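J.:
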Amino acid sequence: LTRIGNMKKLILLIGTLLLLFIGGFISTWIYPKNTPTFKNIKSTVLIDRLTEQDLSLRLLYSDLTASQIETYGMQSSSIELLETPYSSFTEGFIETEKNTLLLETVNQYRSVKGQKPITYYYNYTEIDQYGFLSLTEGLDTLYIIDLATYEVTSPSFDTTYASENQYIYHISSGDDVYYLLSAQANGYKAYLYTLSKENFHVLSARRLSPPSKANRRTHYALDSSGNAYFIGNFSLLIMTPEETINLPLNFNPDSIYCKDDEIYTFSSSELFLSYAIYKDDLGIIQTGQVNLPNKFVKLISYHIADSILYTVTYDDTHPMYRNYITLYNLKNNNILYCLALKEIDSDHLTLLDAHFG
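Numbering-wise (our numbering), the sequence shown opens with residue 20 and increments by one.
1) Taking C-beta to C-beta, are Tyr143 and Leu152 nearer than 8 Å?
2) Should Leu158 and Val196 be called a contact, given that it needs their Cβ atoms to be closer than 8 Å?
3) How should Val131 be labelled, buried or exposed, when 16 other C-beta atoms within 10 angstroms of its C-beta is the threshold for buried?
4) Could you compute how far the alpha carbon of Glu145 sits from the alpha carbon of Leu166?
5) CB-CB under 7 Å to Lys52, same chain, minus the five flanking residues each way: which ones, in chain order?
6) So, helix, strand or coil for Thr336, using DSSP?
7) By DSSP, does Arg226 sit in helix, in strand, or in coil?
8) Report buried or exposed for Thr124, applying the criterion of at least 16 other Cβ atoms within 10 angstroms of its Cβ.
9) On a CA-only basis, which of Thr84, Arg236, Glu261, Ile303 is nearest Pro267? Give me that one, please.
10) Within 8 Å of any Cβ in chain B, is that where the Cβ of Thr284 sits?
11) Kindly indicate the opening and closing residues of the beta strand (DSSP E) around Ser293.
12) Near Thr56, which residues of its chain fall below 6 Å by C-beta distance, leaving aside the five closest residues on each side in sequence?
13) Is the CB-CB distance between Tyr80 and Leu370 below 8 Å?
14) Once you ignore the five residues that flank Arg68 on each side, which residues in its own chain have a CB closer than 6 Å to its CB?
15) Helix, strand or coil for Ser130, going by three-state DSSP, please let me know.
16) Return helix, strand or coil for His238, following the three-state DSSP convention.
17) Under 8 Å between the Cβ atoms of Ile60 and Tyr91?
18) Less than 8 Å separating the beta-carbons of Thr138 and Leu122?
19) Do Phe291 and Gln5 have their beta-carbon atoms positioned less than 8 Å apart in this structure?
20) Of the choices Thr213, Leu241, Asp273, Ile264, whose alpha-carbon is the least far from that of Glu281?
21) Distance, Cα to Cα, Thr332 vs Gly133?
22) In whole angstroms, give me the CA-to-CA distance for Leu200 and Tyr180.
23) Might you give, ordered along the chain, the residues of its own chain that have their beta carbon closer than 6 Å to the beta carbon of Thr63, omitting 5 neighbours on each side?
24) Could you tell me if Met339 is buried or exposed, where buried requires 16 or more neighbouring beta carbons within 10 angstroms of its beta carbon?
25) Kindly indicate the opening and closing residues of the beta strand (DSSP E) around Arg77.
26) Quick one: residues in its chain with C-beta nearer than 8 Å to the C-beta of Ile327, no 5 flanking neighbours on either side, listed in chain order?
27) Here's a check: name, in chain order, each residue in its chain whose Cβ is nearer than 7 Å to the Cβ of Glu110, leaving out the five neighbours to either side.
28) Secondary structure at Tyr91, three-state DSSP: helix, strand or coil?
29) What does a CB cutoff of less than 8 Å around His220 pick up in its chain, not counting 5 residues either side in sequence?
30) Is it true that the CB of Ser244 sits closer than 8 Å to the CB of Asp334?
31) What residues in its chain sit with their C-beta under 7 Å from that of Leu188, if we drop five residues either side in the sequence?
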């Protein structure tokens, strides 16, 4: 009996120590000391191991019609409403001042051709010294704007399907050419074009057949050698100028991203974000898995720089926190920083995008 009594005391002591340890761990994890005060959005820093790592984001909140947009500048110790107004286009957001200038420039070009002015466009990206603004009516409505002179050019081409309705998803810069990867509107084809940097003439064009799963911009990628990438079922489909390659994956990808000729593919599950990184020659660099900040969060936006993965996720089930800003060190898959954000009290605005850096 004495031995049994001592055993019960020992079990009780161990249980008490475990509770104290777990309680201390959770309080350190979820309610860390020295939590910064954020002025405009209620939030809680869950993890902060940034040390010397810089953190700079612009968080873009909008209503569903994009008639009201609020932009917040975020540092590791503050979030503040910015006065710089932003406008939207289909695939993103842009400063209103630049948006106005781009529209004026393009509409002057359209006016000379006897075309009606536009007030909205599908996509916009800047490469080298040019801005590439596209509508969806084929390469006739791709406007290449010299950002030094604001002279506008459209590609010239001899390919009939270049005039078909299509979404220009990605543009990359090669040695002497630009590559364009687009998706057929209301169809299942993709198009890959090579444009001369000298006069923007289409030097070559290819019809591609991506997997049926690849049906949006984040399902396509393009590198600076003109190789096109598409997500498939537990695979990536790579179309080079010479061959088509089916690359098996041990997870089912839901997005793909190309940066500095490294190819990143991701898949989010209930608790984890799986990833694989490849070189443009398809040599594998790294595979891994990182913890998501909560169950069933959805990936809104991501960015990669210097082996740091920045993610913005959305949680439609949490009673308080609907968004998380999380940074991961891909060298060891550890979370460097995680901030939970409450919804803002402003006309049903939702965090739709983030600009990093």
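We put the beta carbon where it would ideally sit given N, CA and C, even for glycine. Predicted model, so just to flag it, every value in this text is computed and none were measured.
T.: Quick answer:
1) yes
2) no
3) exposed
4) 9 Å
5) Low per-residue confidence applies at Lys52: pLDDT is 37, beneath 50, and the placement is therefore not dependable, though the value from the model is reported in the following sentence. Within the same chain, Lys52 has no close Cβ partners at all.
6) coil
7) strand
8) buried
9) Ile303
10) Absent here is chain B; the protein component of the structure consists of one chain.
11) 291-298
12) Note that Thr56 scores 48 on pLDDT, short of 50, meaning its location in the model is unreliable and no value can be drawn from it.
13) yes
14) Leu355
15) helix
16) helix
17) yes
18) yes
19) No answer is possible for residue 5: the residues shown for the chain start at 20 and end at 376.
20) Leu241
21) 45 Å
22) 13 Å
23) Ala359
24) exposed
25) 75-81
26) Gln72, Leu346, Tyr347, Asn348, Leu349, Leu355
27) Tyr141, Asn142, Arg236
28) strand
29) Pro174, Ser175, Phe176, Leu214
30) no
31) What sits at residue 188 in the sequence shown is Tyr, not Leu. Result list for Tyr188: Leu200, Ser201, Ala202, Arg236, Tyr239, in chain order.
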